[in-house]
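**Q**
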Amino acid sequence: MLAPERWDSAEYQDTVAKASGLLVWQGLCGWMIGQSLEISAVKIGAAFLNSAYSRSLAGSFYCESEFDASDNGFVFPTHWLDRRVVHTADSLQNFLDNAIYESLSFEQQSASTSAAIKSLIAIDLPSGLPSFTRVAQYLNMSESSLRRRLQREDTSYQKLKDEVRCEVAIDKLLNEDIKVADLSDYLGFTEPSFFVRSFKHWTGEAPRSYRERLKGFAQQH
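Going letter by letter, the sequence shown gives residues 932 to 1152 in my numbering.
1) I need the straight-line Cα distance from Leu1081 to Ser1087, nearest angstrom please.
2) Going by other Cβ atoms of all chains shown within 10 Å of its Cβ, with 16 needed for buried, is Arg1132 buried or exposed?
3) Tell me which residues share the same chain as Thr1044 and place their Cβ nearer than 8 Å to its Cβ, disregarding the 5 neighbours each side in the sequence.
4) For Gly1059, name the three-state secondary structure that DSSP assigns.
5) Is it the case that the region 1090–1102 contacts the region 1117–1135, given that we only count it when at least three CB pairs across the two stretches are under 8 Å?
6) Which residues in the same chain as Leu1056 place their Cβ atom closer than 6 Å to its Cβ, once the five residues preceding and following it in sequence are excluded?
7) First and last residue of the beta strand (DSSP E) that includes Ala876?
8) So, at 8 Å on beta carbons, what are the nonlocal neighbours of Leu876 in its own chain, with the 5 sequence-adjacent residues on each side left out?
9) Any heavy atom of the ligand ZN inside 7 Å of the beta-carbon of Ala983?
10) Would you check if the distance between the CB atom of Arg1128 and the CB atom of Val1111 is smaller than 8 Å?
11) From Gly1004 to Val955, what does the alpha carbon distance come to, in whole angstroms?
12) Measure how close the beta-carbons of Lys1092 and Leu1051 come, nearest whole angstrom, since I'm counting them as under 8 Å.
13) Report the residue ranges of all alpha helix (DSSP H) runs contained in full by the region 948–1017; include only those spanning at least 4 residues, in chain order.
14) Check whether the Cβ atoms of Phe1007 and Leu968 sit closer than 8 Å, and answer yes or no.
15) If we call anything under 8 Å between Cβ atoms a contact, is Asp1002 one with Gly961?
16) Could you tell me the alpha carbon to alpha carbon distance between Thr1019 and Ala950, rounded to whole angstroms?
17) Given that a residue counts as buried once 16 or more other Cβ atoms are within 10 Å of its Cβ, and exposed if not, what is Gln1039?
18) Val973: which of Ser1062, Met963, Leu988 sits nearest, CA to CA?
19) State buried or exposed for Leu980, treating a residue as buried only when at least 16 other CB atoms are found within 10 Å of its CB.
20) Between Lys1103 and the rest of its own chain, which residues show a CB-CB distance below 8 Å, the 5 nearest in sequence each way excluded?
21) In the structure shown, what three-state DSSP assignment does Ala1046 receive?
22) Starting from the Cα of Gln944, find the closest Cα among Ser971, Tyr984, Gly958 and give me that residue.
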């Protein structure tokens, strides 16, 4: 966390603990909305440590910190409250299962736009695939900004849609007694033949043969 180098004094533990806690909360909020939460001020309800530590906090929060504050918290523009939570029940459960690791990794990596979009697609899938325009609106970004962000992450909206549909298709084929035609409709394909062709492209096999092979393998073991 945000511990200074060569620190061993008990009097600094409160400051370090509260600053580190705020960093985790900033990361958690960013994870929930799929974007790094930009804060304008940090208020630490503990004593000033030293100038070097203050500079390290500024490098982590990208703003100055106020020490000896009456409350422990951070300040951000109210428009962030309008952002949509982009995670599904499964991704939330995965977070809870790995809460310690996830919390420690918040400060090491910014929120992934790709992961946020995949969650949005999964959330909206039962009612239809969201358009790129709708996804940009969900993330409060312009379409051009979103395209640039995805290019930096070496992906595209089409690739992300295919990844989600492939993951959902495999899960339902193996865990539900679903017909290929019904699965095709659920995933937003206009014709079952289009789904079969896409599934072959994703996995190298047709849906039925893929399900039969994996279920046969499971029965053998």
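Just so you know, even glycine gets a beta-carbon here, dropped at the ideal spot from N, CA and C.
**A** To lay it out plainly:
1) Indexing the sequence shown from 1 puts residue 1081 at position 150. Indexing the sequence shown from 1 puts residue 1087 at position 156. So the two alpha carbons sit approximately 6 Å from each other.
2) Working through the sequence shown from its first residue, we reach residue 1132 at position 201. In the sequence on display, residue 1132 carries His and not Arg. Burial call: exposed.
3) Residue mapping note: residue 1044 aligns to position 113 of the sequence shown, counting from 1. Counting only Cβ-Cβ distances below 8 Å, and skipping sequence neighbours, we find Gly965, Gln966, Leu1070, Leu1077, Arg1080, Leu1081, Glu1084.
4) The residue labelled residue 1059 in the question sits at position 128 within the sequence shown. Here Gly1059 sits in coil by DSSP.
5) yes
6) The residue labelled residue 1056 in the question sits at position 125 within the sequence shown. Here the set comprises nothing.
7) Given that the chain is displayed from residue 932 to residue 1152, the structure contains no residue 876 and the question cannot be resolved.
8) Since the first and last residues shown for the chain are 932 and 1152, residue 876 lies out of range.
9) The model on display carries no ligand, and the ligand ZN is accordingly not part of it.
10) Within the sequence shown, residue 1128 is the residue found at index 197, counting from 1. Within the sequence shown, residue 1111 is the residue found at index 180, counting from 1. Not closer than 8 Å, so no.
11) Within the sequence shown, the letter at position 73 stands for residue 1004. Within the sequence shown, the letter at position 24 stands for residue 955. Their backbone Cα atoms lie some 11 Å apart in a straight line.
12) If you number the sequence shown from 1, residue 1092 lands on position 161. If you number the sequence shown from 1, residue 1051 lands on position 120. Between Leu1051 and Lys1092 the Cβ distance is about 11 Å, and since that is not below 8 Å, they are no contact.
13) 982–992
14) The residue given as residue 1007 occupies position 76 in the sequence shown. The residue given as residue 968 occupies position 37 in the sequence shown. It is a contact, given that the beta carbons lie within the stated cut-off.
15) On the sequence shown, residue 1002 is found 71 positions in, with the first residue counted as 1. On the sequence shown, residue 961 is found 30 positions in, with the first residue counted as 1. Cβ atoms of Asp1002 and Gly961: not closer than 8 Å.
16) The count along the sequence shown starts at 1 and reaches residue 1019 at position 88. The count along the sequence shown starts at 1 and reaches residue 950 at position 19. Cα-Cα distance, rounded: 29 Å.
17) As a first step, residue 1039 must be located in the sequence shown, where it is residue number 108. Below a pLDDT of 50, predicted positions are generally treated as unreliable, and Gln1039, at 42, falls in that range; the measurement from the model is reported next regardless. Exposed.
18) Along the sequence shown, one-based indexing puts residue 973 at 42. Of Ser1062, Met963, Leu988, the residue nearest in Cα terms is Leu988.
19) In the sequence shown, counting from the first residue as 1, residue 980 sits at position 49. Its Cβ being crowded by 16 or more others within 10 Å, Leu980 is buried.
20) On the sequence shown, residue 1103 is found 172 positions in, with the first residue counted as 1. So the list reads Ile1109, Leu1114, Tyr1117, once near-sequence residues are dropped.
21) Locating residue 1046 in the sequence shown gives position 115, counting from the first residue. In this structure, Ala1046 counts as helix in the three-state DSSP scheme.
22) Here residue 944 refers to the residue found at position 13 of the sequence shown. It is Tyr984.
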